[in-house]
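Take any residue in the first sequence, note its place counting from 1, add 1411, and you have its number in the working numbering.
Notes to accompany the following structure.
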Amino acid sequence: MQNSEIARMFEELADLLEIDGANPFRVRAYRNAARTITGLTDSLADLAADDSCDLSSLPGIGKDLAAKIVAIVETGQLEQLEDLKQKIPAGVSDMLRIPGLGPKKVAVLFHELSIDSLDKLREAATQGRIAETKGFGKKTQETILAEIDRVAEAGTRFHINIAMDEAEQIASDLAQLKSVGQVQVAGSCRRRQETAGDLDVLITSDDSTEAMDTLAAHQRVEKVLARGETKQRVRLRSGMEMDLRVVPAESFGAAMQYFTGSKEHNIVIRRRAVERGLKLNEYGLFRGEEYIAGATEEDVYREVGLPWIPPELRENRGEIELAEAGELPQLIELSEMRGDLHMHTTASDGTASIEEMAAAARDRGLEYIAITDHSKRVTMANGLDADRLRKHWAEIEAINARTEGIEILKGIECDILEDATLDLPDDVLAEADWVVAVLHYGLKQPQEQIDRRLRVAVENPYVHAIGHPTGRMLLRREGAHLSFEQLYELCAQHGVMLEINAHPSRLDLDDIHARAAREHGIPIVINTDAHSTSGFDVMQYGVFQARRAGLSAKDVANTRTLKQFRKLLRTAK
DNA sequence: GCCGTTTTCGGCCCGACTGTTTTCAGTCG
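Here you go:
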């Protein structure tokens, strides 16, 4: 039983309880618990089996939820959830995804019109039965008809590079306007979350008309969904939705803090305000009617007794405690990256030569790279067998000898095969400067086999790192199920590094596991997995992920000089 | 359902916008 499955059960239960009209704070308790579980690095199944471990010591998990977790681990299901599913069919909660329909309205649709699926909802709306229901009207019915197909297709999140491009383009266009002062992209984009559901852009202005008219007419905007004095919501042609908020300058910091989130972080910050006899909202920090602060984020944090906290850390996963103790980490910066240890050339499935990749890397200020083309198992990508690889390496050596300003290491991205052997023999791997072992195939194997494969790779004396450890593709497919605890222990023991693959569709390790790896003393490498010269540009997303994990430059091996990095390689193995 | 150096009971973050009402509940972020 994976933590994510347990978290999903609590989320599902929260949805159903809400429709069932349960106490909203009880619903929130389940959601909080789901969130705590999602953020855990240890397996709940293991913790539950361990008698010395008290689950109720976890934040947001008390006696009752601890017992429920144990029951889930033991029986594979949650009784309360099964009972509610009998009462409320699965299709009912699907309706929550339609904008404008919340738990109360969905409950009415279910109880009074017996609607229990998106199909029945579409039918009822088409027949005009929604508009006749008390509390509903013509507008709601139209919204349902307009949104239902989009919702039925799902997939409403976007990779961070797409989200940032949209947000920053629109923000910079708004910044050109005379009536607009400061402009800031907020929300999950600013927190550098790996995917974004919608965008938040914040501006200061005395008159919102020009900005809102400009946004409405912007070529990336498809439709205005709502517009008021201070807030406008639009749908972009990409399908993403964006909120524009207009605030006065003295509120800009408070609004940035408020709209950057996360919700969980803000709840704690606002509670701290209440404890100090203050009220915090997007307009500022107030004592009664009196304005205390709000022009900058620093002011807001200071008034609740904290230093400014970098947005990437604002998830209520320990950052507030660190801030309070004055122990916030100095987060890694893109400019601190000196090497890139995962990339491809025309030898396998890249589009640029060794020399072109080296030149592009040097142009971006890198001091060393490792060329890591695919091994032979990846036939689709023209992977290299031992003979071709040795010739490739000879070429790399020759090019390295005549190239100035950057050092090129002989590397290989070696597949860990389904039968838990490596795709190339040890005598070949032994000749490499850098071996990154990866799973590409058989990701759906049972966890035991995945763990066996990773063990073989980590224990191999010539493997330096495990690349994109889970093999996930964000928004497309889940990664392999594996025991991270085993992986950390083996890596720490054998001096093997773990990669944060910087590609926006991977970002694997994720922030939670990268943080845990660091805590086990495992050096992290951030690599682009570039398949072209422009592929180096994704490095920033890997750095974002590392920042979210709370990593500093010292935690990331390829921030070191080549000399220091080589020394680390020698002493680690 | 969780939580506690004000509390083991009574709190639990806060405001904007919409649609359906005719003063506000529901939804959303």
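For every residue, glycine included, the Cβ atom is placed at its ideal position computed from N, Cα and C.
Everything numeric in this text was worked out from a predicted model, so none of it was measured.
For residue j and residue i, believed in contact at Cβ under 8 Å, the rounded distance
i	j	result
S1590	S1616	5 Å
F1976	G1688	Not quite, the Cβ-Cβ distance comes to about 52 Å (not below 8 Å), so this is no contact.
F1569	T1606	6 Å
S1649	E1577	6 Å
H1985	V1849	There is no way to answer for residue 1985, as the model of the chain reaches only from 1412 to 1984.
I1559	S1504	Not quite, the Cβ-Cβ distance comes to about 15 Å (not below 8 Å), so this is no contact.
Q1951	D1922	No, Q1951 and D1922 are not in contact; Cβ-Cβ is about 15 Å, not under 8 Å.
T1970	I1743	7 Å
V1400	A1627	With the chain running from 1412 to 1984 in the structure shown, residue 1400 is simply not present.
Whole-angstrom distance between residue j and residue i, CA atom to CA atom
i	j	result
D1453	F1895	8 Å
G1737	T1972	29 Å
L1655	R1631	14 Å
D1838	P1872	11 Å
I1933	V1519	53 Å
A1891	K1855	6 Å
L1840	Q1741	36 Å
L1918	R1887	13 Å
I1614	R1508	29 Å
L1647	M1653	7 Å
S1746	V1954	10 Å
A1477	K1965	37 Å
S1463	G1672	35 Å
Y1779	I1819	6 Å
G1539	K1515	20 Å
A1425	V1949	37 Å
E1806	A1770	16 Å
L1588	M1412	53 Å
I1782	Q1897	29 Å
E1735	Y1712	11 Å
M1575	D1494	42 Å
N1692	L1752	45 Å
A1563	L1529	7 Å
Q1904	Y1669	43 Å
T1992	M1768	Any answer about residue 1992 is impossible in this case: the structure gives the chain only from 1412 up to 1984.
K1978	H1803	25 Å
Residue i - containing alpha helix (DSSP H), residue span
i	result
M1754	Note, M1754: premise wrong, no alpha helix (DSSP H); not H, not E.
E1896	F1895 to H1905
I1731	E1730 to E1735
D1922	D1922 to E1930
E1686	K1674 to E1686
R1644	It is not in any alpha helix (DSSP H) - R1644 instead sits in the beta strand (DSSP E) that spans K1642 to L1647.
F1521	P1514 to L1524
R1958	M1950 to R1959
Element boundaries [beta strand (DSSP E), containing residue i]
i	result
M1985	The structure shown does not extend to residue 1985, since the chain spans only 1412 to 1984, so no value can be given for it.
V1591	V1591 to A1597
Q1741	Element bounds for Q1741: n/a, residue is neither H nor E.
M1623	Unbroken run through M1623 is the alpha helix (DSSP H), T1620 to A1628; no beta strand (DSSP E).
N1692	K1690 to N1692
W1845	W1845 to V1849
A1637	V1632 to R1638
R1656	E1652 to V1658
Own chain partners of residue i with C-beta closer than 7 Å, once the 5 adjacent residues on each side are dropped
i	result
H1942	H1755, D1760, G1761 and T1762
Y1899	A1927, A1928, H1931 and I1933
E1423	L1492
L1455	N1414, I1417, I1448, I1480 and V1484
A1706	A1660, E1661, F1663 and G1664
R1725	R1602, T1671, G1672, S1673 and H1676
E1889	R1883
K1690	A1684 and F1697
G1853	E1829
Own chain residues within Cβ distance below 8 Å of residue i, not counting five before or after
i	result
R1926	T1452, A1960, G1961 and L1962
G1794	S1759, D1784, H1785, S1786, K1787, R1788, D1826 and D1834
T1554	I1509, P1510 and G1511
P1722	R1601, R1602, R1603 and T1671
E1901	The sequence shown places Leu at residue 1901, rather than the Glu named in the question. Correct list, in chain order: L1865, R1866, V1869, E1870 and V1907.
Close beta carbons around residue i, own chain, < 6 Å, minus the five adjacent residues each side
i	result
I1483	I1417 and L1489
K1634	R1646
H1914	D1940 and V1949
V1594	A1582, L1585, A1586 and I1614
N1811	I1819
G1513	none
Any non-hydrogen atom of the ligand ADP within 7 Å of residue i CB
i	result
E1708	Absence of the ligand ADP from the depicted structure is noted, as is the absence of any ligand whatsoever, leaving it without description.
Could you tell me which whole alpha helix (DSSP H) segments of length 4 or greater appear in the segment 1455–1511?
1455–1460, 1474–1486, 1490–1498 and 1501–1505
Of all the alpha helix (DSSP H) runs that stay within the bounds of the segment 1535–1610, which reach a length of 4 or more residues?
1549–1564, 1571–1586 and 1598–1601
Length-filtered (3 minimum) beta strand (DSSP E) runs lying within the segment 1775–1862:
1779–1782, 1818–1826 and 1845–1849
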